[in-house]
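Numbered per our numbering, the sequence shown spans residues 12 to 259. A virtual CB, placed ideally from N, CA and C, is assigned to each residue, including glycine. Just so you know, these numbers come straight off a predicted model, no measurement behind them. What follows is a short report on a single structure.
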Amino acid sequence: MFELTGKVALVTGGSRGIGRAIAVALAKQGAYVAINYAGNEAAASEALAIVREGGGDGEIVRFDVASQTSFEEAIDDLVKRKGRLDVLVSNAGIAMDQLLLRIKPEELEKTFATNVGGALWGAKAAMRHMMRKRTGRIVFLSSVVAESGNPGQAVYSASKAALLGLTKTLAREYASRGVTVNAVAPGFIATDMTAGLPEDVKKKIVEQTPLARIGSPEEVAAAVVYLASDEAGYVTGQVLRVNGGMYV
Ligand code: NAD
12 MFELTGKVAL
22 VTGGSRGIGR
32 AIAVALAKQG
42 AYVAINYAGN
52 EAAASEALAI
62 VREGGGDGEI
72 VRFDVASQTS
82 FEEAIDDLVK
92 RKGRLDVLVS
102 NAGIAMDQLL
112 LRIKPEELEK
122 TFATNVGGAL
132 WGAKAAMRHM
142 MRKRTGRIVF
152 LSSVVAESGN
162 PGQAVYSASK
172 AALLGLTKTL
182 AREYASRGVT
192 VNAVAPGFIA
202 TDMTAGLPED
212 VKKKIVEQTP
222 LARIGSPEEV
232 AAAVVYLASD
242 EAGYVTGQVL
252 RVNGGMYV
């Protein structure tokens, strides 16, 4: 089940956190994994080393997902060398938390350029190759707050909600070309992104989570592996929530 041998995957923001767990999990199923990173080469190399320790293979590739041309060049180069791109996981994301009255234009622009632009440009660049092969899997990392909202996260939650619209629209546009497009919406997951939250905030989140604990990056990665697999061939335009029941 969920065998990915012979497939080529690209995971954005794959050097740490959820992205790293996704890269490791896809490789464990047999996929060759290109691990994108923005700047931390040491972390990306460490992720690749873990992939290789698990018996998998891949490469690291540096580019900014907000740059359409860089994204396109990276995908074209990968396809030129490996002959295909089967799976694109748009995981790279940022959060610049702020109450509405304090939000600055540059925070809106940067968050949308990374979270929404990064997903859209990646899908555009990947789609041309996937359409040609009449098969492909695109997975966007949204968030529980896209659907539930969260005080202090107006810009972030709006960007993650935008990904749900993108998921549903691209699913409809490219189903006839054999490409599925889905979103995974994690709840509260233990990564660098959430490590800085005050203990009382974390405690409150756990109290509001029916499964009464924080999730792990590996639990999110398992959902991505499923959506990337042949077994998920009849699933498109969906939001797979990995949130401990926080939002149902
Ligand atoms: P993280 O901050 O640990 O990792 C995000 C990665 O994206 C980093 O490696 C970062 O360098 C990379 N990145 C950021 N901007 C980039 C750019 N312009 N180009 C290339 N790479 C870039 O975060 P995480 O917790 O692992 O989150 C991964 C994804 O899951 C994000 O999209 C996040 O919004 C989403 N998410 C996380 C949680 C959570 O609780 N941790 C919950 C819901 C959704």
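Can you tell me which of the options puts its alpha carbon nearest to the alpha carbon of residue i?
{"i": "SER159", "options": "ARG183, THR220, LEU208 and ALA182", "result": "THR220"}
{"i": "SER153", "options": "LEU112, SER240, VAL98 and GLN249", "result": "GLN249"}
{"i": "VAL231", "options": "ILE216, GLU218, VAL150 and ALA223", "result": "VAL150"}
{"i": "MET142", "options": "LEU89, ALA186, LYS39 and ALA223", "result": "ALA186"}
{"i": "GLY189", "options": "ARG139, LEU37, GLU83 and LEU222", "result": "ARG139"}
{"i": "ALA196", "options": "GLU184, ASP203, GLY41 and ASN254", "result": "ASN254"}
{"i": "GLY17", "options": "GLY41, GLY50, LEU37 and SER81", "result": "GLY41"}
{"i": "SER26", "options": "MET12, ASN51 and ALA20", "result": "ASN51"}
{"i": "ALA45", "options": "ARG63, ILE114, LYS39 and VAL19", "result": "VAL19"}
{"i": "ILE105", "options": "ARG252, LYS171, GLY198 and ARG183", "result": "LYS171"}
{"i": "LEU175", "options": "ASN47, MET12, VAL127 and GLY28", "result": "VAL127"}
{"i": "ALA173", "options": "GLU184, ARG183, LEU181 and ALA157", "result": "ALA157"}
{"i": "ALA182", "options": "ASP87, THR247, GLU218 and THR125", "result": "THR247"}
Evaluate residue i with the Cβ neighbour count: other Cβ atoms within 10 Å of its Cβ, from every protein chain shown; 16 or more gives buried, anything less gives exposed.
{"i": "VAL212", "result": "exposed"}
{"i": "ARG148", "result": "buried"}
{"i": "ALA130", "result": "buried"}
{"i": "ALA239", "result": "buried"}
{"i": "LEU15", "result": "buried"}
{"i": "MET257", "result": "buried"}
{"i": "VAL259", "result": "exposed"}
{"i": "THR80", "result": "exposed"}
{"i": "ASP203", "result": "exposed"}
{"i": "THR178", "result": "buried"}
{"i": "GLY207", "result": "exposed"}
{"i": "ASP88", "result": "exposed"}
{"i": "THR125", "result": "buried"}
Can you check DSSP and say which residues form a bridge with residue i?
{"i": "ASP68", "result": "TYR43"}
{"i": "ALA20", "result": "VAL44 and VAL98"}
{"i": "PHE151", "result": "SER101 and ALA194"}
{"i": "GLY28", "result": "DSSP lists no partner for GLY28."}
Near residue i, which residues of its chain fall below 8 Å by C-beta distance, leaving aside the five closest residues on each side in sequence?
{"i": "ALA201", "result": "ILE225, GLY226, SER227 and PRO228"}
{"i": "ALA244", "result": "The question names Ala, yet the displayed sequence has Gly at residue 244. Taken in chain order, the residues that qualify are THR191."}
Could you pull out every residue in the same chain whose Cβ sits closer than 6 Å to the Cβ of residue i, ignoring the five residues on either side in sequence?
{"i": "ALA103", "result": "THR23, GLY24, VAL76 and GLY129"}
{"i": "ALA36", "result": "ALA232 and VAL236"}
{"i": "LEU222", "result": "GLY255 and GLY256"}
Return yes when at least one heavy atom of ligand 2 lies under 7 Å from the C-beta of residue i, else no.
{"i": "THR80", "result": "Annotation note on ligand 2: not contained in the displayed structure, which lists ligand 1 as its ligands."}
Ordered along the chain, which non-local residues of its own chain (more than five positions away) have a Cβ less than 7 Å from that of residue i?
{"i": "ARG145", "result": "ARG188 and GLY189"}
{"i": "LEU110", "result": "GLY163"}
{"i": "THR205", "result": "PHE199"}
Exercise for the section: Could you tell me whether the stretch 107 to 123 touches the stretch 54 to 74, where touching means 3 or more Cβ pairs closer than 8 Å? Expected result: No: fewer than three Cβ pairs fall under 8 Å.
Problem - Cβ contact (3+ pairs, closer than 8 Å) linking the stretch 23 to 42 and the stretch 227 to 240 - result: A contact exists between the stretch 23 to 42 and the stretch 227 to 240.
Practice task
Decide if the stretch 83 to 96 is in contact with the stretch 232 to 244; the criterion is three or more beta carbon pairs, one per stretch, under 8 Å apart.
Solution key: Between the stretch 83 to 96 and the stretch 232 to 244 there are fewer than three inter-stretch CB-CB distances shorter than 8 Å, so the stretches are not counted as touching.
Problem - Three CB pairs or more closer than 8 Å across the stretch 161 to 175 and the stretch 200 to 212 - result: The answer is no - the stretch 200 to 212 does not touch the stretch 161 to 175, with fewer than three Cβ pairs under 8 Å.
Exercise for the section: Taking 8 Å as the threshold, find out whether the stretch 134 to 149 comes into contact with the stretch 107 to 118 through three or more Cβ pairs. Expected result: Verdict: no, contact absent.
Practice task
Could you tell me whether the stretch 70 to 82 touches the stretch 53 to 61, where touching means 3 or more Cβ pairs closer than 8 Å?
Solution key: Result yes; three or more Cβ-Cβ pairs closer than 8 Å.
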